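Under our numbering, the first residue of the sequence shown carries the number 53, and numbering increases by one thereafter. For glycine and all other residues, C-beta sits at the position ideal for the given N, C-alpha and C. Model, not experiment: these values are computed from the prediction. Working notes, structure below.
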Amino acid sequence: MINPEGVAGDNQEEHRLAETPRRSSFQILGLASLIIGLLAALSACVGGPLLLALTAMLSDSALDGATIQQSLALTVLGLGIGGILAWEGWRIWQGRPSRPFLPRRVGLLWLALGLLLVLGLLFSLLDAVLPYLLPPVNTLTAILLPLLLLLLVGQAMRGYGSSWRDVAGGLVSGAAPGTGLALFLEIALASAFVVLALLLGVIPGGIAGLQALSERLQDPAFLNDPQNLLQFVSPLTVLTLFLFAAVLAPVIEELTKTAGLAVAAPWLRPTPARAFVVGVASGAGFAIAENLFNGALIGAFWAPGIVLRLGATLMHCATSGLMGWGLSLIHISEPTRLLSSSYAVFC
Numbered sequence: 053m054i055n056p057e058g059v060a061g062d063n064q065e066e067h068r069l070a071e072t073p074r075r076s077s078f079q080i081l082g083l084a085s086l087i088i089g090l091l092a093a094l095s096a097c098v099g100g101p102l103l104l105a106l107t108a109m110l111s112d113s114a115l116d117g118a119t120i121q122q123s124l125a126l127t128v129l130g131l132g133i134g135g136i137l138a139w140e141g142w143r144i145w146q147g148r149p150s151r152p153f154l155p156r157r158v159g160l161l162w163l164a165l166g167l168l169l170v171l172g173l174l175f176s177l178l179d180a181v182l183p184y185l186l187p188p189v190n191t192l193t194a195i196l197l198p199l200l201l202l203l204l205v206g207q208a209m210r211g212y213g214s215s216w217r218d219v220a221g222g223l224v225s226g227a228a229p230g231t232g233l234a235l236f237l238e239i240a241l242a243s244a245f246v247v248l249a250l251l252l253g254v255i256p257g258g259i260a261g262l263q264a265l266s267e268r269l270q271d272p273a274f275l276n277d278p279q280n281l282l283q284f285v286s287p288l289t290v291l292t293l294f295l296f297a298a299v300l301a302p303v304i305e306e307l308t309k310t311a312g313l314a315v316a317a318p319w320l321r322p323t324p325a326r327a328f329v330v331g332v333a334s335g336a337g338f339a340i341a342e343n344l345f346n347g348a349l350i351g352a353f354w355a356p357g358i359v360l361r362l363g364a365t366l367m368h369c370a371t372s373g374l375m376g377w378g379l380s381l382i383h384i385s386e387p388t389r390l391l392s393s394s395y396a397v398f399c
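If you want it as structure tokens, here you go:
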């Protein structure tokens, strides 16, 4: 006679032995994340100040706000990405589970954002302290805008289907690989356009005309009159630039922001709710990196620039969440999954 308890015990032992390699592999991944995170944080601590010091040594004039902002952005972004990777890697190595993503008590962050907006508006009107006080305020504001939007989504979802580890992975994926891949593809595509334009002769003067245009663009007086550009570029060139800025570059960004989720989706097979939150987190990470490096308007136009960055942040988070939702439907056996995922990708 077969002992049911003995069969159950054997099945549990086989299940435990089968799960051991997977658990060990996951812990090795956590250890790798810990090491990479520590190296990234260390590089940021050295790279940011070194960039500022080299710029000060090579420049005859005093440091301006844009230079300080770039150095600060490099340091803060590297520390943030490295810190998240190291913390989650350590927890994975220790075998600690992650709690559901349900943010609580974020009221202090809203108060901090309000204070930063007031200080930023005040500092942007004071030229004497502008290079030194506005970059830190701008940096914190650029980070808080996407984070608060992500926290609002977490509160609305009530922790359903996602964890803090999911959100951490989305933030890192959007801020580092997503931004880097988008920048690489945009530079490569822009270079291809320039080479093609030179070959077709649509840039007056060829390479010499392109060099002259590059020099003239550094003159603020030249940019005051758009008619000045007509002597260097043709209408076809303007149309191509508009096509690149309004169509191709956004498509590249939308595809690269959620590249990490797209790679992990076949393995994770996330639910639509989980994929949506991870997608929003990826968009928030991308928005943080973009806000820090591309959206820094150090000057009297700081306040309008922040409004523009808020709109861009909303766009990045919304489209990435929709992309994540569409990607999850690809791995769900539903008759409408192809139509739904295509809608999510192209909207």
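Closest Cα partner of residue i within the set the options
{"i": "L344", "options": "L320, V170, A125 and A164", "result": "A125"}
{"i": "T371", "options": "A333, I340 and I358", "result": "A333"}
{"i": "T323", "options": "L102, G376, F153 and G221", "result": "G376"}
{"i": "W142", "options": "I195, I88 and V329", "result": "I88"}
{"i": "R217", "options": "A228, E342 and R326", "result": "R326"}
{"i": "I136", "options": "L241, L223, L295 and V247", "result": "L223"}
{"i": "A374", "options": "S77, N346 and F328", "result": "First, the amino acid is wrong: residue 374 is Leu here, not Ala. Comparing Cα positions, the closest option is F328."}
{"i": "P188", "options": "F294, T127, P318 and P229", "result": "T127"}
{"i": "L204", "options": "L379, L366 and G378", "result": "L366"}
Spatial distance of residue i from residue j (CA atoms)
{"i": "M209", "j": "A234", "result": "29 Å"}
{"i": "G117", "j": "C97", "result": "19 Å"}
{"i": "A314", "j": "S111", "result": "44 Å"}
{"i": "A194", "j": "A298", "result": "23 Å"}
{"i": "V170", "j": "P198", "result": "18 Å"}
{"i": "Q121", "j": "S214", "result": "34 Å"}
{"i": "R74", "j": "W139", "result": "Any reading at R74 must be qualified, since the residue scores a pLDDT of 48, below 50, and its modelled position is unreliable; the value itself is stated next. So the alpha carbons of these two residues sit roughly 21 Å apart."}
{"i": "G226", "j": "A108", "result": "31 Å"}
{"i": "V359", "j": "S76", "result": "47 Å"}
{"i": "F175", "j": "W162", "result": "20 Å"}
{"i": "G172", "j": "N190", "result": "7 Å"}
{"i": "L154", "j": "I382", "result": "26 Å"}
Buried or exposed (CB count within 10 angstroms, at least 16 for buried), residue i
{"i": "L83", "result": "exposed"}
{"i": "S243", "result": "exposed"}
{"i": "G147", "result": "exposed"}
{"i": "R361", "result": "buried"}
{"i": "F353", "result": "exposed"}
{"i": "A339", "result": "buried"}
{"i": "V330", "result": "buried"}
{"i": "L449", "result": "Because the chain in this structure spans residues 53 to 399, residue 449 falls outside the shown range and cannot be described."}
{"i": "A336", "result": "buried"}
{"i": "G206", "result": "buried"}
{"i": "I133", "result": "buried"}
heavy atom of the ligand FMN below 7 Å from residue i C-beta
{"i": "T323", "result": "Among the components of this structure there are no ligands whatsoever, and the ligand FMN is therefore not found."}
Residue i in three-state terms, based on DSSP
{"i": "P322", "result": "coil"}
{"i": "P73", "result": "In this predicted model, P73 has a pLDDT of only 42, less than 50, meaning its place in the structure is not dependable enough to derive any value."}
{"i": "S215", "result": "strand"}
{"i": "R361", "result": "helix"}
{"i": "V224", "result": "helix"}
{"i": "T310", "result": "coil"}
{"i": "L328", "result": "Here residue 328 turns out to be Phe, not Leu, going by the sequence shown. In the structure shown, F328 sits in a helix (DSSP, three-state: H, G or I)."}
{"i": "Q146", "result": "coil"}
{"i": "L178", "result": "coil"}
{"i": "V158", "result": "coil"}
{"i": "L390", "result": "Unreliable positioning characterises L390 in this predicted model, as indicated by a pLDDT of 46, which lies under 50. The coordinate reading is nonetheless provided below. DSSP places L390 in helix when its eight states are reduced to three."}
{"i": "N190", "result": "helix"}
{"i": "S111", "result": "coil"}
{"i": "N343", "result": "helix"}
Bridge partners - residue i, DSSP secondary structure assignment
{"i": "P152", "result": "S215"}
Short CB-CB distance (under 8 Å) between residue i and chain D
{"i": "S243", "result": "The structure shown has no chain D; it contains just one protein chain."}
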